[in-house]
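Take a look at the structure below.
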């Protein structure tokens with residue numbers, strides 16, 4: 001069958017993990033001054049114009065970032081006409097939920113919930129506030145910190161599941177069992193990190209893999225860190241930027257000469273026994289703003305903080321649908337589906353600034369002018385993207401899994417013969433997230449592809465994807481039962497990759513957009529603010545906040561964090577704790 005050809009031939013042609021061979025491949029040296037400071041004075045001193053609100057606002061893109069932006073801006077400017085442009089039939093982006101009718105082992109009829117994209121969120125103020133505003137609190141399902149779905153997270157290495165420690169201190173038997181597998185090889189590098197030589201002065205970025213190899217041990221990057229980044233970004237640690245994705249580690253070394261030593265020094269700056277933390281000044285200011293503006297019920301927030309993650313009874317698409325309904329009820333937002341953006345450009349007519357937007361299907365486009373636009377669209381020169389296939393599986397047998405937990409991730413160091421499908425990991429949905437299904441059984445999601453599939457001209461079909469998932473589960477978990485329900489989803493170009501040099505590219509991009517659009521175009525979304533749902537919602541909330549009181553006439557393009565430059569500060573940890581600040585406020 002064709003799947004066999006995929007396994008034996010096509011899979012073997014996938015690019016192998018890069019090796020640490022040359023400094024130029026994994027590091028980025030400064031060749032010219034950063035542009036971050038160029039607009040900083042203007043942004044810092046821009047006047048808040050107390051004038052009329054914008055008459056017309058465009059939101060380009062209807063994913064979770066665009067839909068959230070339309071909601072927040074629609075509330076912020078009730079007298080403005082807002083148009084949301086969505087290329088497809090429905091807003092919501094990659095958040096897609098399906099209910100599938102099944103029978104359990106006893107023949108009981110019911111249904112199970114399959115998530116094609118994100119399935120659970122970590123507690124976050126903006127998202128919590130949004131859920132409360134949408135009236136969804138009673139539909140939230142929590143994964144408590146003591147649940148197996150929170151306590152037990154696994155890494156598959158080299159040919160078995162290894163449970164990661166969930167609490168400190170780690171027991172010696174547990175540590176020894178991990179050590180014997182070889183997964184913890186390189187851990188001694190952490191102890192010698194404070195004495196490693198500080199990076200060269202001209203080095204302005206480095207890959208995650210190179211950073212850990214230089215500061216600690218390459219094996220840590222290969223065996224542990226790469227697994228984590230597979231789960232979050234489906235990306236390659238030898239291509240992703242450490243300055244962007246682990247900025248506190250990067251700047252601890254820059255300021256203190258060492259990550260571990262810097263962390264200790266930060267703690268030594270504590271006043272009156274208060275724990276301290278190391279944060280970007282912009283993030284501290286954002287938390288302060290959220291504290292003042294976001295209202296979250298105390299009981300709801302307490303439940304969230306007692307959990308590692310949460311979802312909704314009908315899946316995360318329930319959030320999208322409720323948000324869409326709320327946008328409709330505002331009365332000042334028009335949602336145009338099947339209206340892809342063909343182009344947009346700055347306008348300056350008779351001294352009036354704005355944005356011209358061309359939308360619609362080829363051969364049937366329309367041109368409109370707006371006072372302000374918020375774009376969530378992709379910028380092709382900023383990041384590449386990866387493609388991920390998810391395979392949802394349901395088995396009537398509730399006892400198929402050898403362990404309970406959230407699931408497992410697969411590091412880049414696992415031999416090809418143990419992972420020819422190029423899997424990223426497996427989520428034990430029936431163990432990790434409770435309260436969504438009406439029947440018992442075992443529910444899994446297999447994730448494949450990501451950076452492993454970079455350069456592929458074609459991807460596995462649904463049939464091939466299903467067979468690959470079953471093959472992987474048989475090898476890793478000894479599951480040979482046939483699933484009675486499944487769904488295969490190929491998400492092409494779904495996750496942006498913050499690769500080496502991203503921060504400088506973003507800074508130059510922000511500088512250019514501020515010059516060209518003079519503040520009338522703002523940017524929100526996973527390519528700019530973080531790949532998670534929480535990141536998108538928080539950035540949409542923040543941009544809407546920036547627009548009020550005449551702020552929409554300022555020169556910001558919405559990417560103010562890069563305009564602040566690398567300003568890191570040591571603050572009491574409770575300043576970054578939404579709940580503690582709320583209680584104090």
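Numbering (full-length UniProt numbering), first residue to last: 1 to 585. Ideal Cβ placement from N, Cα and C applies to all residues, glycine included. Since the structure is predicted, the reported quantities are computational estimates derived from the model, not experimental observations.
| Check | Outcome |
| --- | --- |
| For residue 125, which of helix, strand or coil comes out of DSSP? | helix |
| Which stretch, first to last residue, makes up the alpha helix (DSSP H) that contains residue 247? | 247-256 |
| Please report the distance separating the alpha-carbon of residue 115 from that of residue 232. | 16 Å |
| At which residues does the alpha helix (DSSP H) containing residue 528 begin and terminate? | 526-529 |
| Let's test the definition: count the other Cβ atoms within 10 Å of the Cβ of residue 165 and tell me whether it reaches 16, buried, or not, exposed. | exposed |
| With 16 other CB atoms within 10 Å as the buried threshold, where does residue 389 fall? | buried |
| For the ligand HEM, is there a heavy atom less than 6 Å away from the beta-carbon of residue 218? | As far as ligands go, the structure on display features none, and thus does not contain the ligand HEM. |
| Tell me where the beta strand (DSSP E) around residue 103 begins and ends. | 97-103 |
| Taking one C-beta from the segment 150-165 and one from the segment 410-420 each time, how about it: are there three or more such pairs within less than 8 Å? | yes |
| Can you tell which of 493, 299, 284, 460 has its C-alpha closest to the C-alpha of residue 379? | 493 |
| Assign residue 486 to one of three DSSP states: helix, strand, or coil. | strand |
| Once DSSP output is grouped into helix, strand and coil, what is the label at residue 428? | coil |
| Between which two residues does the beta strand (DSSP E) harbouring residue 282 extend? | Element bounds for residue 282: not the beta strand (DSSP E) but the alpha helix (DSSP H), 281-293. |
| Residue 536 lies in the alpha helix (DSSP H); which residues open and close that run? | 533-547 |
| Does the Cβ-Cβ distance between residue 74 and residue 357 come in under 7 Å? | no |
| Going by beta-carbon coordinates alone, are residue 125 and residue 294 separated by less than 7 Å? | yes |
| So residue 242 packs on residue 252, CB below 8 Å; how close in whole Å? | Rounded, the Cβ-Cβ distance is 11 Å, inconsistent with contact. |
| I believe residue 62 touches residue 85 by the beta-carbon criterion, under 8 Å. Please report the beta-carbon distance rounded to the nearest angstrom. | 7 Å |
| In this structure, does DSSP put residue 49 in helix, strand or coil? | Model confidence at residue 49 stands at a pLDDT of 39, short of 50, so the residue's coordinates are unreliable and nothing is read from them. |
| What residue from 453, 133, 77 has the CA that sits closest to residue 296's CA? | 133 |
| I believe residue 421 touches residue 448 by the beta-carbon criterion, under 8 Å. Please report the beta-carbon distance rounded to the nearest angstrom. | 6 Å |
| Which of helix, strand or coil does DSSP assign to residue 568? | strand |
| Can you tell me where the alpha helix (DSSP H) holding residue 511 begins and where it ends? | 502-517 |
| What do you reckon, are the CB atoms on residue 56 and residue 370 nearer than 7 Å? | yes |
| Roughly how far, in whole angstroms, is the beta-carbon of residue 491 from the beta-carbon of residue 117, given that I think they are within contact range, below 8 Å? | 7 Å |
| In the DSSP output, which residue or residues are listed as bridge partners for residue 491? | 388 |
| Say whether the segment 100-110 touches the segment 272-280, bearing in mind that this needs 3 or more beta-carbon pairs closer than 8 Å, one atom from each stretch. | no |
| Runs of 4 residues minimum, wholly inside the segment 155-194: which ones carry the alpha helix (DSSP H) assignment? | 172-181, 188-192 |
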